Amino acid sequence: MGAGIERADPSAPHEGEPERDDVPTRFAHVRIETSEVKAEMAVPSSQTRRLLTTVLDVLVVLGAVLGPMLTSKAASAALPTWATAGTIAGQLALLTVVAVLAHRPEHPGRLPS
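The opening position of the sequence shown corresponds to residue -12 in this note's numbering, with each subsequent residue numbered one higher.
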């Protein structure tokens, strides 16, 4: 299993997908890029679902913490408290649905991942 994280060079031209050999490997490559950071991981293909579920869990936790905080900051004083609370409750409900769907058990007809 390999991993690499590097700072993105903003002055470098965007070259799109890097050249890869078309030779099949036993590893799945997962790449996350932002304007500041590039991260790429190579994991055994049998562990890809676990990796992506973990990334989704981190995003759900960040959303559960930052979403209500940013909503309460952005809500104007004229907005009723019930509207702000309802918006926050809706955000948390949506994040709960995403987390539950990500952790549902495998279907019997599916190939194992």
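Glycine included, every Cβ here is placed at the ideal spot set by N, Cα and C.
Quick caveat: nothing in here was measured; it's all calculated off a predicted structure.
Per-residue DSSP class, three states only, for residue i
{"i": "PRO55", "result": "helix"}
{"i": "PRO92", "result": "coil"}
{"i": "ALA26", "result": "strand"}
{"i": "ALA86", "result": "helix"}
{"i": "ALA62", "result": "coil"}
{"i": "MET(-12)", "result": "Any reading at MET(-12) must be qualified, since the residue scores a pLDDT of 47, below 50, and its modelled position is unreliable; no value is offered."}
{"i": "ARG13", "result": "coil"}
Supposed contact pair residue j and residue i - C-beta distance, whole angstroms, cut 8 Å
{"i": "VAL85", "j": "VAL47", "result": "6 Å"}
{"i": "VAL30", "j": "LEU43", "result": "Not a contact, Cβ separation roughly 15 Å."}
{"i": "THR59", "j": "THR71", "result": "For the sequence presented, residue 59 should be read as Ser rather than Thr. With a Cβ gap of about 6 Å, SER59 and THR71 count as contacting."}
{"i": "ALA65", "j": "THR35", "result": "48 Å between Cβ atoms; not a contact."}
Neighbour-count burial assignment, residue i, 16 or more Cβ in a 10 Å radius
{"i": "MET28", "result": "buried"}
{"i": "SER63", "result": "exposed"}
Close-in-space but distant-in-sequence residues of the same chain around residue i (CB under 8 Å, 5 per side omitted)
{"i": "PRO55", "result": "ILE75, GLN78 and LEU79"}
{"i": "SER32", "result": "ARG13, PHE14 and ALA15"}
{"i": "THR88", "result": "Correcting the residue type first, residue 88 is Leu in the shown sequence and not Thr. There are no such residues."}
{"i": "HIS90", "result": "THR40"}
Cβ shell of residue i (< 7 Å), same chain only, five flanking positions each side left out
{"i": "THR68", "result": "none"}
Subject >> Validate contact between the region 42 to 57 and the region 73 to 86 using beta carbons, cut 8 Å, 3 pairs >> reply: yes
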